[in-house]
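Note sheet for the following structure.
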Amino acid sequence: MRITHNISALNADNILKKNNEKLSKSSEKLASGLRINRAADDAAGLSISESMRGQIRGLQQAERNVQDGISVVQTADGGMQEISNIIARQKELLVQGMNGTYSDQDKQMIELEIRQLNEAIDSIAESNTFNTINLLARSDYQIYADRSSTDTTMNISDPPTDIYISKSPIYAPAGTPGTPRQKTRDVDTTTTTQTYSSTSQTTPKVFPDGREGYNDYKVDTQTTTKTDTNTKVYETTAPTTNPVYTDPAYWYTVGRNDTYFGSAHHSQLYGNMVENIEVDGVSRALEYGSRTNPGTVPAVDHFVFPNTDISVTRYRTINADNSIEIRYEMKNNGTTDSTVNMSNSLNPPKNAVMFDDTGNPLPPGNHVISPVSGNVFHMEGEEANASVEFDDGLGLAAPTGLTINNTVPGEPQINFNWEYNLAQGQSMTIGFKYGPLSLSPNIDVLEHTTETEVTKHIESEVVTDITDIDYAPPQLVIQAGTKAHETIEIPLFNVKASGLGISNIGLLPPSIPAQSLAQTEGALAKISNVRAIHGSLHNRMEHTMNNAANYYENLAAAESRIRDTDIAKEMVNNTLSNIVSQSAQAMLAQANNNPQAILQLMKS
Numbered sequence: 001m002r003i004t005h006n007i008s009a010l011n012a013d014n015i016l017k018k019n020n021e022k023l024s025k026s027s028e029k030l031a032s033g034l035r036i037n038r039a040a041d042d043a044a045g046l047s048i049s050e051s052m053r054g055q056i057r058g059l060q061q062a063e064r065n066v067q068d069g070i071s072v073v074q075t076a077d078g079g080m081q082e083i084s085n086i087i088a089r090q091k092e093l094l095v096q097g098m099n100g101t102y103s104d105q106d107k108q109m110i111e112l113e114i115r116q117l118n119e120a121i122d123s124i125a126e127s128n129t130f131n132t133i134n135l136l137a138r139s140d141y142q143i144y145a146d147r148s149s150t151d152t153t154m155n156i157s158d159p160p161t162d163i164y165i166s167k168s169p170i171y172a173p174a175g176t177p178g179t180p181r182q183k184t185r186d187v188d189t190t191t192t193t194q195t196y197s198s199t200s201q202t203t204p205k206v207f208p209d210g211r212e213g214y215n216d217y218k219v220d221t222q223t224t225t226k227t228d229t230n231t232k233v234y235e236t237t238a239p240t241t242n243p244v245y246t247d248p249a250y251w252y253t254v255g256r257n258d259t260y261f262g263s264a265h266h267s268q269l270y271g272n273m274v275e276n277i278e279v280d281g282v283s284r285a286l287e288y289g290s291r292t293n294p295g296t297v298p299a300v301d302h303f304v305f306p307n308t309d310i311s312v313t314r315y316r317t318i319n320a321d322n323s324i325e326i327r328y329e330m331k332n333n334g335t336t337d338s339t340v341n342m343s344n345s346l347n348p349p350k351n352a353v354m355f356d357d358t359g360n361p362l363p364p365g366n367h368v369i370s371p372v373s374g375n376v377f378h379m380e381g382e383e384a385n386a387s388v389e390f391d392d393g394l395g396l397a398a399p400t401g402l403t404i405n406n407t408v409p410g411e412p413q414i415n416f417n418w419e420y421n422l423a424q425g426q427s428m429t430i431g432f433k434y435g436p437l438s439l440s441p442n443i444d445v446l447e448h449t450t451e452t453e454v455t456k457h458i459e460s461e462v463v464t465d466i467t468d469i470d471y472a473p474p475q476l477v478i479q480a481g482t483k484a485h486e487t488i489e490i491p492l493f494n495v496k497a498s499g500l501g502i503s504n505i506g507l508l509p510p511s512i513p514a515q516s517l518a519q520t521e522g523a524l525a526k527i528s529n530v531r532a533i534h535g536s537l538h539n540r541m542e543h544t545m546n547n548a549a550n551y552y553e554n555l556a557a558a559e560s561r562i563r564d565t566d567i568a569k570e571m572v573n574n575t576l577s578n579i580v581s582q583s584a585q586a587m588l589a590q591a592n593n594n595p596q597a598i599l600q601l602m603k604s
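Here the sequence shown is numbered in full-length UniProt numbering, starting from 1 and rising by one per residue.
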């Protein structure tokens, strides 16, 4: 027996806490009537229940909306019923007045009543409103063009010009009679024609002389030719006569699936660069070389060169007693390898000399390079001398060369190796200028500008004769469901005397009695047609409202089964938790008495 830790009491206390927590949750469910009071009770069930609750509330409001719509058509129908009675009375008066037994004075009295009845029709139509919305005197008809006419759209990628598209206007006076959306049409059209011409010219961008060793840059204009294709133009290369190396670099695309092909020769000439080289007192000239094309330029809508790897070359050759070859290789990753084999003395230029990407020198002479953009490098630096003197008695042959390996911009690294084959008695001093590689990123690139003259004349399809007028009356939209498309449109018509075409009926000039009688018959037909439309909408909305009520009932029942508490089942759980809690409490009291038994044992 132990008294330091009352394990039985701790166990009873733990069980009591758990049962009290269950009892608390059960009591909460019984008190609220909800099985899910928080997300922790049932996360998935809560999500479904909340979605259903939103839909249920939407259905409740939709049902009220439909009830309002029914009230609208009932209000309108009540007004039109009385208007129909008035028109029937007018027809009766016209038939009476057309009888030959009535004098002109009698006819004046009859026509006076007809005029007063027209005013009564207008008064009823203007006062028939629902929530300040007029239902029977709407005049805001929307007049549409004949449905066989279409708009003409033309897309051209040239600079915008004036495009004239003509259409015939359509007019309809207020209260125009006629059945909406008549189907008969008589339309005359003209055929679309188009003429198009275009000329283009490329304007070159010139590099300033002396900028990073570049000379002027020139682009020769090239006329374009038109082909009926829908593809991009990709560059090709083709040499011309020395010293020009050509690169087609001009293209232009217009709309309507027409592509213009063209090319412009662009070139840059390097002049001779002369350095003083003394070999036994004889001066020699050092010639510049060339670099290769940076690669194919993809077709784009502007004259821009891509940021591709650049491998450009130049070379120098000195023709003296023994040949001298200087090679520098330069790539845009900052790594430079160079080799110099010399049998004379020289001072290389400050700027680096380039050669082709295979390491082979190009023949001497003037050459042309293609323009580049992106990362452009050049070498420049401080003077540094490394001198070696030889006294060649029998001749010296040693593997030598000048190498710059893995040079990082800003950190020079150079090794000197020489290979000489000097005549007996000759001596030579070699001086080098070297230094860190540095970037020259601000080299101007070619800018392409185009001057285009475009003349267009477009005649679109023109509707010249329309025999029908298609109009749509204004509508009152009833939101009859929880989705945006679940709507019912109630058309609102103009049933004033002018809208029904009976504002000028009568027995005396300028009215024509027979025509007036026909007009009243037409007005009765129209008012009956409008009432039929509203009556059918009334029946439709009643069915819609009944469906919304059934939907609401079923959805509410489903939501209740998910979220509400099953009282009988929860009472069983509550009673069980209550009994277990009381039992645990009794056992806890018993466990707390155990130390007293141990003390009694110690006393005895």
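Glycine residues also receive a C-beta, built at the ideal position from the N, C-alpha and C atoms.
How would you label L500, buried or exposed, when you count the other beta carbons within 10 angstroms and need 16 or more for buried? Taking the first residue of the sequence shown as position 1, residue 500 is located at position 500. By the 10 Å Cβ count, L500 comes out buried.
On the three-state DSSP scale, how would you describe A137? If you number the sequence shown from 1, residue 137 lands on position 137. Three-state DSSP puts A137 in a strand.
Exercise. Count the CB pairs spanning the stretch 80-92 and the stretch 106-120 that are closer than 8 angstroms, and state whether there are at least three.
Key: yes
> So what's P474 in DSSP terms, helix, strand or just coil?
Replying inline: Translated into positions along the sequence shown, residue 474 becomes position 474. Of the three classes helix, strand and coil, the one that applies to P474 here is coil, per DSSP.
Fill in: As assigned by DSSP and simplified to three states, the class of E82
To locate residue 82, count along the sequence shown from 1; it is residue 82. Helix, per DSSP.
If we count the other Cβ atoms within 10 Å of its Cβ and call it buried at 16 or more, is residue 605 buried or exposed?
In the structure as shown, the chain starts at 1 and stops at 604, and residue 605 therefore has no counterpart that could be examined.
Rounded C-alpha distance that separates S528 from I83: Looking up residue 528 in the sequence shown gives position 528. Looking up residue 83 in the sequence shown gives position 83. Taking the straight line joining both Cα atoms gives about 10 angstroms.
Item to complete: Mind checking who E489 pairs with in its DSSP beta bridge?
Response: Locating residue 489 in the sequence shown gives position 489, where the first residue counts as 1. E489 is bridged to V477.
Task: Own chain residues within Cβ distance below 8 angstroms of K29, not counting five before or after - done: Reading the sequence shown from its first residue, position 29 is the one you call residue 29. For K29, where only same-chain residues beyond five positions count, the Cβ hits under 8 angstroms are R35, N37, T565 and E570.
Pick helix, strand or coil for L508, following the three-state DSSP scheme.
As a working mapping, residue 508 is identified with position 508 in the sequence shown. L508: coil per DSSP, three-state reduction.
**Asked** Do you know how far the Cα of T487 is from the Cα of T308?
**Response** As a working note, residue 308 is residue 308 in the sequence shown. As a working note, residue 487 is residue 487 in the sequence shown. Per-residue confidence for T308 stands at a pLDDT of 37, beneath the threshold of 50, marking its modelled position as unreliable; no derived number is given.
Check your understanding: By the 10 Å Cβ neighbour count, where 16 or more other Cβ atoms means buried, how is I133 classified, buried or exposed?
Key -> Translated into positions along the sequence shown, residue 133 becomes position 133. Counting Cβ neighbours within 10 Å, I133 comes out exposed, since fewer than 16 surround it.
Beta-carbon separation (whole angstroms), I490 vs A523, contact threshold 8 angstroms | What you label residue 490 is simply residue 490 of the sequence shown in a count that begins at 1. What you label residue 523 is simply residue 523 of the sequence shown in a count that begins at 1. About 21 angstroms; that fails the 8 angstroms criterion.
*Closest by C-alpha distance to G481, when choosing among L507, G97, Q60 and T520*: The residue you call residue 481 lines up with position 481 of the sequence shown. G481 has its Cα closest to that of Q60, out of L507, G97, Q60 and T520.
Proximal residues to G58 (C-beta, below 6 angstroms), its chain only, five neighbours per side dropped = Taking the first residue of the sequence shown as position 1, residue 58 is located at position 58. Closer than 6 angstroms at Cβ, skipping near neighbours: T482.
(Q) Please tell me whether G506 and S516 are closer than 7 angstroms, where the distance is taken between their beta carbons. (A) For the purposes of this step, residue 506 is taken as residue 506 along the sequence shown, with counting starting at 1. For the purposes of this step, residue 516 is taken as residue 516 along the sequence shown, with counting starting at 1. Yes, they are a contact pair.
task: Reducing DSSP to helix, strand and coil, say where T565 ends up.
output: In the sequence shown, residue 565 corresponds to position 565, counting from 1. In this structure, T565 counts as coil in the three-state DSSP scheme.
Practice prompt. Measure from the alpha carbon of D41 to the alpha carbon of each residue in E559, K25 and G54, then state which is nearest.
Written response: As a position in the sequence shown, residue 41 is number 41, starting the count at 1. Checking every option, the nearest Cα to that of D41 belongs to K25.
*Can you tell me whether DSSP reads N230 as helix, strand or coil?*
Here residue 230 refers to the residue found at position 230 of the sequence shown. Low confidence applies to N230: its pLDDT is 35, below 50, so where it sits in the model is not reliable enough to give any reading.
Measuring straight from C-alpha to C-alpha, what distance separates Q585 and L10?
One-based indexing of the sequence shown puts residue 585 at position 585. One-based indexing of the sequence shown puts residue 10 at position 10. Cα-Cα distance, rounded: 12 angstroms.
Output needed for N65: all residues of its chain with C-beta closer than 7 angstroms, excluding positions within five of it in sequence on either side, in chain order. Within the sequence shown, the letter at position 65 stands for residue 65. Correct list, in chain order: I478, Q479 and A480.
Could you tell me the boundaries of the alpha helix (DSSP H) in which K603 lies?
As a first step, residue 603 is located in the sequence shown; it is residue number 603 there, counting from the start. N594 to K603 is the span of the alpha helix (DSSP H), which, as asked, contains K603.
Exercise. Shortest alpha-carbon distance to E559 belongs to which of A548, A12 and I56?
Worked result: Indexing the sequence shown from 1 puts residue 559 at position 559. If we check each option's Cα against that of E559, I56 comes out closest.
Hey, G97 and K107: beta-carbon distance below 7 angstroms or not? Here residue 97 is taken as the residue at index 97 of the sequence shown, counted from 1. Here residue 107 is taken as the residue at index 107 of the sequence shown, counted from 1. Yes, Cβ-Cβ distance for G97 and K107 is below 7 angstroms.
- [ ] Can you have a look at I70 and say buried or exposed, based on whether 16 or more other CB atoms are within 10 angstroms of its CB?
- [x] Within the sequence shown, residue 70 is the residue found at index 70, counting from 1. By the 10 Å Cβ count, I70 comes out buried.
Evaluate T544 with the Cβ neighbour count: other Cβ atoms within 10 Å of its Cβ, from every protein chain shown; 16 or more gives buried, anything less gives exposed. Translated into the one-based positions of the sequence shown, residue 544 becomes position 544. When all chains shown are included, T544 counts as buried.
Buried or exposed for R563, please, with buried defined as at least 16 other CB atoms from any protein chain shown within 10 angstroms of its CB. Locating residue 563 in the sequence shown gives position 563, counting from the first residue. That one is buried.
CA-CA distance, Q122 and A525? On the sequence shown, residue 122 is found 122 positions in, with the first residue counted as 1. On the sequence shown, residue 525 is found 525 positions in, with the first residue counted as 1. The residue you asked about is not Gln; residue 122 is Asp in the sequence shown. If you take the alpha carbons of D122 and A525, they lie about 18 angstroms apart.
Q.
Using only the alpha-carbon positions, how far apart do Y102 and H538 sit?
A. Position 102 of the sequence shown, counting from 1, holds the residue named residue 102. Position 538 of the sequence shown, counting from 1, holds the residue named residue 538. So the two alpha carbons sit approximately 45 angstroms from each other.
Check whether the Cβ atoms of D13 and L588 sit closer than 7 angstroms, and answer yes or no. To locate residue 13, count along the sequence shown from 1; it is residue 13. To locate residue 588, count along the sequence shown from 1; it is residue 588. Yes. Within cutoff.
* To do: Can you give me the start and stop residues for the alpha helix (DSSP H) that M98 sits inside?
  => For the purposes of this step, residue 98 is identified with residue 98 of the sequence shown, where counting begins at 1. No alpha helix (DSSP H) contains M98, which DSSP labels as neither H nor E.
**Prompt:** Looking at the structure shown, is N539 part of a helix, part of a strand, or coil, going by DSSP?
**Reply:** By 1-based counting over the sequence shown, the position of residue 539 is 539. N539: helix per DSSP, three-state reduction.
Legend entry - Status (buried if at least 16 other CB within 10 Å, exposed otherwise) for R138: Within the sequence shown, the letter at position 138 stands for residue 138. With 16 or more Cβ atoms within 10 Å of its Cβ, R138 is classed as buried.
request  = Verify whether the separation of the beta carbon atoms of E63 and A556 is less than 7 angstroms.
outcome  = For this step, residue 63 is matched to residue 63 along the sequence shown. For this step, residue 556 is matched to residue 556 along the sequence shown. Going by C-beta atoms, E63 is not nearer than 7 angstroms to A556.
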